Amino acid sequence: MTLFRVLFLLVLLAALAPLALLALVLRASGVEVSAPTLTAGLSAVLLALVISLVMARRVTTPLDELVRGALDIARGRFGRQVVHAGRTELSDLAYTFNFMSRQLERYDGDNTRLFAALERAYLETIRALASAIDAKDPYTRGHSERVAKLAVEIGRELGLDAAELRVLEVSGILHDIGKIGIPEQVLQKPALLTPEEFSVVRSHAAIGAEIVEGVEFLQSARPAIRHHHERWDGKGYPDGLAGEAIPLIARIVNAADTWDACTSERPYHRARSATEVFSIMAQLRGAQLDPNVHDAARRVLMRQWNQTGVVA
Ligand SMILES: [Fe+2]
């Protein structure tokens with residue numbers, strides 16, 4: 000039974016009990032009840048009904064409001080206020096509820112600001128790391144930031160959500176962090192590398208994954224760091240993963256990395272034109288590049304090309 004019904008019945012019982020008692024006494028005394036007395040009795044019963052309804056409503060309405068307020072807070076709508084009229088225990092409860100709600104809103108605001116500051120510090124830290132990587136090789140200056148930017152655009156084109164795009168951004172910035180462990184004379188060699196030197200350069204993917212292994216807040220970027228040189232056909236490194244066994248984030252970083260490497264000046268090749276790189280990437284579709292990721296990258300880059308005449 001609801002509280003409203005309980006209160007209604009209790010108040011009604013309290014109001015009708017004296018009337019019923021009076022009627023019993025009159026009947027036992029043999030007193031004849033006149034029509035006006037009967038009308039007055041019925042009016043008293045109706046009045047008791049109305050009073051019961053009003054009294055029950057006065058108690059349950061503020062309680063319903065408090066329940067709705069508590070549910071709003073449980074859903075994260077901090078700061079929710081409820082109406083508290085009068086000076087009863089219920090209005091004290093409503094006042095306390097409102098105070099608690101405002102305090103929760105304040106704590107929530109503080110937490111949001113702290114989280115944003117922490118996130119800014121976190122992004123500045125990884126950007127500093129990326130600069131350290133790029134500084135090792137003048138040819139790759141700005142490469143990490145450009146790869147991150149393009150990777151995020153490709154991820155958005157593929158329908159990734161905000162959290163996945165954030166992981167993609169960090170992964171793009173840090174994908175080559177393992178180059179910190181590669182000697183400059185190998186990275187900057189203005190000629191074709193020997194097989195041994197190739198193997199040293201290739202080790203940057205595994206080295207990068209090891210570097211971030213113990214860093215809790217970089218764990219989400221680790222798969223892309225380790226696998227951004229895997230190929231769709233399984234002929235990549237370090238693990239020779241193929242197809243969808245390669246994490247999607249790594250496949251996207253691979254496409255963005257390929258575009259940026261081809262369109263930038265490197266010790267071993269000139270910067271190619273966008274048209275040339277579109278053609279190179281089309282040849283890599285289904286071999287090095289995930290066909291879907293390639294197509295999304297192409298749409299993103301073509302749009303930039305059509306809108307501004309330049310890409311990335
Ligand atoms: Fe790389």
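The C-terminal position of the sequence shown is numbered 311 in numbering that gives the first Met the number 0, with every residue numbered one higher than the one before it.
Even for Gly, the Cβ is constructed at its ideal location relative to N, Cα and C.
Note that the structure is predicted; figures quoted are calculated from it, not measured.
1) Alpha carbon to alpha carbon, how far is residue 159 from residue 289?
2) Can residue 204 be considered in contact with ligand 1, in the sense that its beta carbon sits closer than 7 Å to one or more heavy atoms?
3) Tell me residue 288's beta-bridge partners as DSSP assigns them.
4) Would you report the Cα separation of residue 11 and residue 36, rounded to the nearest angstrom?
5) Taking the straight line between their C-alpha atoms, what separation do you get for residue 114 and residue 120?
6) Looking at C-alpha atoms only, which residue of 18, 270, 292 and 96 is the closest neighbour of residue 41?
7) Just checking residue 142 against ligand 1 - is the residue's beta carbon closer than 7 Å to any of the ligand's heavy atoms?
8) Sorted by chain position, which residues of the same chain lie with C-beta nearer than 7 Å to residue 124's C-beta, five sequence neighbours on each side aside?
9) Kindly provide the ranges of any alpha helix (DSSP H) runs that are 4 or more residues long and lie completely inside the region 123–178, ordered along the chain.
10) Counting pairs of Cβ atoms below 8 Å between the region 183–192 and the region 215–233, do you hit three or more?
11) Spatial neighbours of residue 77 within its chain, please: C-beta separation below 6 Å, excluding the five flanking residues on both sides.
12) Buried or exposed for residue 149, going by 16 or more other Cβ atoms inside 10 Å?
13) Thinking C-alpha only, which one of 31, 51 and 86 is nearest residue 8?
14) In terms of residue numbering, what span does the alpha helix (DSSP H) encompassing residue 12 cover?
15) Going by C-alpha distance, which of 87, 252 and 69 is nearest residue 98?
16) Which of the three DSSP states, helix, strand or coil, is assigned to residue 312?
17) For residue 65, which residues in the same chain have their Cβ closer than 7 Å to its Cβ, ignoring the five residues on either side in sequence?
18) Just to confirm before moving on: does the CB-CB distance between residue 153 and residue 251 stay below 8 Å?
19) Could you tell me if residue 151 is buried or exposed, where buried requires 16 or more neighbouring beta carbons within 10 angstroms of its beta carbon?
20) Kindly give me the distance between the Cβ atoms of residue 287 and residue 230, rounded to whole angstroms, as I take these residues to be in contact under 8 Å.
21) For residue 49, count neighbouring Cβ atoms within 10 angstroms of its own Cβ and tell me buried if that reaches 16, exposed if not.
22) Would the beta-carbon of residue 259 be found less than 7 Å away from any heavy atom of ligand 1?
23) Go to residue 256, then tell me how far its alpha helix (DSSP H) extends in each direction, as first and last residue.
24) Less than 7 Å between the CB of residue 174 and some heavy atom of ligand 1, yes or no?
25) Check the DSSP bridge columns for residue 221 and list the partner residues they point to.
26) Which residue's Cα is closest to the Cα of residue 179: 13, 253, 198 and 210?
27) Give every residue of the same chain whose Cβ lies closer than 6 Å to the Cβ of residue 225, excluding the five residues on either side of it in the sequence, and list them in chain order.
28) For residue 305, is the classification buried or exposed, using 16 other Cβ atoms within 10 angstroms of its Cβ as the cut-off for buried?
29) Are the beta-carbon atoms of residue 15 and residue 47 separated by less than 8 Å?
30) According to the neighbour-count rule (16 or more other Cβ atoms, all chains shown, within 10 Å of its Cβ), is residue 168 buried or exposed?
31) Between residue 277 and residue 297, what straight-line distance do the alpha-carbon atoms span, to the nearest angstrom?
The structure says:
1) 16 Å
2) yes
3) 284
4) 20 Å
5) 10 Å
6) 18
7) no
8) none
9) DSSP runs (the alpha helix (DSSP H)) wholly in the region 123–178: 142–156 and 161–173.
10) no
11) 103, 104 and 107
12) buried
13) Among 31, 51 and 86, the Cα nearest to that of residue 8 is on 51.
14) 2–28
15) Measuring from the Cα of residue 98, the nearest candidate turns out to be 69.
16) The structure shown does not extend to residue 312, since the chain is modelled only from 0 through 311, so no value can be given for it.
17) 81, 92, 93 and 96
18) yes
19) buried
20) 5 Å
21) Flag for residue 49 reads exposed.
22) no
23) 247–262
24) The answer is yes for residue 174.
25) Partner residues in a beta bridge of residue 221, as assigned by DSSP, do not exist.
26) Of 13, 253, 198 and 210, the residue nearest in Cα terms is 210.
27) 204 and 208
28) exposed
29) yes
30) Residue environment: residue 168 is assigned as buried (16 or more neighbouring CB atoms within 10 Å of its CB, all protein chains considered).
31) 7 Å
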